[in-house]
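Here's the structure we're looking at; comments come further down.
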Amino acid sequence: MEKVTGYIDNFIFQNEENGYCVLTLATEEGELTCVGTLRGVAEGMNVAFFGSYTEHPSYGRQFKVESYEEKEPEDAFAMERYLGSGAIKGVGTALAARIVRKFGKDTFRIIEEEPERLAEIRGISERKAQEIAAQVEEKKELRQAMIFCSSMASRLHWP
């Protein structure tokens with residue numbers, strides 16, 4: 004089994020019913036088309052995909068994902084991209100950029116441990132700061148549950 008890592012750039016196709024996706028992954032080598040049943044993934048996520056390369060007759064080289072694990076955003080670009088991806092309601096690209104510019108590598112720690120500090124940023128009230136922190140926590144718990152379920156399914160050989 005091979006491993007590729009990068010940031011989910013965008014979805015080409017997504018089936019809400021069964022979770023099947025076709026997406027582009029931004030890697031150090033460039034963009035890579037990835038396919039598979041990937042419930043719980045979103046644009047901007049930093050992931051490690053495990054699977055194998057295939058050659059589609061019409062669409063060319065693709066990476067067929069069998070399992071994945073989410074990695075914490077590692078740099079300012081990744082944090083900004085994740086926060087501004089639409090995953091957190093009310094945080095667009097401009098606000099995400101201001102948050103990351105203000106807190107840098109401590110952005111997620113601040114959101115999780117000192118969410119009231121988000122109110123230091125123009126455009127964020129104390130209420131909105133708490134809402135952002137709650138959503139980040141909810142998404143984190145959901146991601147952890149999805150990753151756990153995915154790992155259990157692959158051990159039990161479920162689709």
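Position in the sequence shown counted from 1, then plus 3, gives you this note's numbering. Built from N, CA and C at the ideal position, the CB exists for glycine as well. Just so you know, these numbers come straight off a predicted model, no measurement behind them.
Within the same chain, and ignoring the five residues on either side of residue 128 in sequence, the residues whose Cβ sits closer than 7 Å to its Cβ are 122. Selection 17, 102 and 9 evaluated against residue 32 yields 9 as nearest (Cα-Cα). By the C-beta density criterion, residue 34 is exposed, having fewer than 16 other C-beta atoms within 10 angstroms. Nearest neighbour of residue 44 by Cα position, chosen from 17, 65 and 96, turns out to be 17. DSSP, reduced to helix, strand and coil, places residue 42 outside both helices and strands of the structure shown, so it counts as coil. In the DSSP annotation of this structure, residue 114 is not part of any beta strand (DSSP E); the continuous alpha helix (DSSP H) holding it starts and ends at 110-116. By a beta-carbon distance limit of 8 Å, residue 66 contacts residue 54. Their separation comes to about 6 Å. Distance between residue 42 and residue 120, taken at the CA atoms: about 32 Å. The C-beta distance from residue 93 to residue 135 rounds to 7 Å, short enough to meet the 8 Å contact threshold. The three-state reading of DSSP puts residue 25 in strand, counting E and B together.
Judged by DSSP in its simplified three-state form, residue 70 adopts strand. Judged by DSSP in its simplified three-state form, residue 120 adopts helix. In this structure the region 98-106 touches the region 72-88; the number of beta carbon pairs closer than 8 Å is three or more.
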